[in-house]
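For reference, the structure is listed below as structure tokens.
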Amino acid sequence: MVTLKAQKQFKKFIIVFLATIGIVRILIYTSPKIIKQADIIWGDKFHHSFIGIFLLLVYFAVKRKKYSDYLLAISLGLIIDQIAAAPFYIADLMNKPLAPYSFWYSWSSYNIIATTILIILSIFVIRIYKNEH
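Under numbering that gives the first Met the number 0, the letters of the sequence shown match residues 0 to 132, in that order.
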């Protein structure tokens, strides 16, 4: 049985998860100049999923600390937000584009719908995982 405390923690986790995705989307939309500067520094596109993967590794190192659940929520938000475009980006890197860039860029209909579906699926998976542990 899920306690009231666990339900509150789950709600906070989901809020942080969704806020991370929302903040990233706002930053991508409002600051394309910063993104282009990061591209120059890294020689390729610097993706926020890279930060998410790094934070996920940090989470596994500090698991069971006071704020580790929030670290997990942030890292998953960063990764999930970008995962819908990953197959297109990888194919594009291999010079075998699956679709034109306009189809899968950050604010395309495909990306918004796919990311929304991934968010919903993620919340279900996280809820199942949290209920088991």
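C-beta: ideal position from N, C-alpha, C; glycine also.
Coarse secondary structure for residue i, derived from DSSP in three states
i      : result
Tyr28  : helix
Ala90  : helix
Tyr109 : helix
Leu117 : helix
Lys95  : coil
Thr19  : helix
Residue i, enclosing alpha helix (DSSP H) - first and last residue
i     : result
Val57 : 47 to 60
Ala72 : 67 to 82
For residue j and residue i, the rounded distance between their alpha carbons
i      : j      : result
Tyr100 : Tyr28  : 16 Å
Trp106 : Ser67  : 30 Å
Ala98  : Ala113 : 15 Å
Phe59  : Tyr128 : 16 Å
Ile82  : Ser48  : 8 Å
Val57  : Ile89  : 25 Å
Ile118 : Ser108 : 15 Å
Lys4   : Gly21  : 26 Å
Test: residue i CB closer than 8 Å to a CB of chain C
i      : result
Tyr104 : Annotation note: the requested chain C is absent from the structure, which comprises a single protein chain.
For residue i, the nearest candidate out of the options (CA to CA)
i     : options             : result
Lys10 : Tyr69, Lys65, Ser30 : Tyr69
Should the stretch 74 to 87 be called in touch with the stretch 5 to 20, which here means at least 3 C-beta pairs below 8 Å? yes
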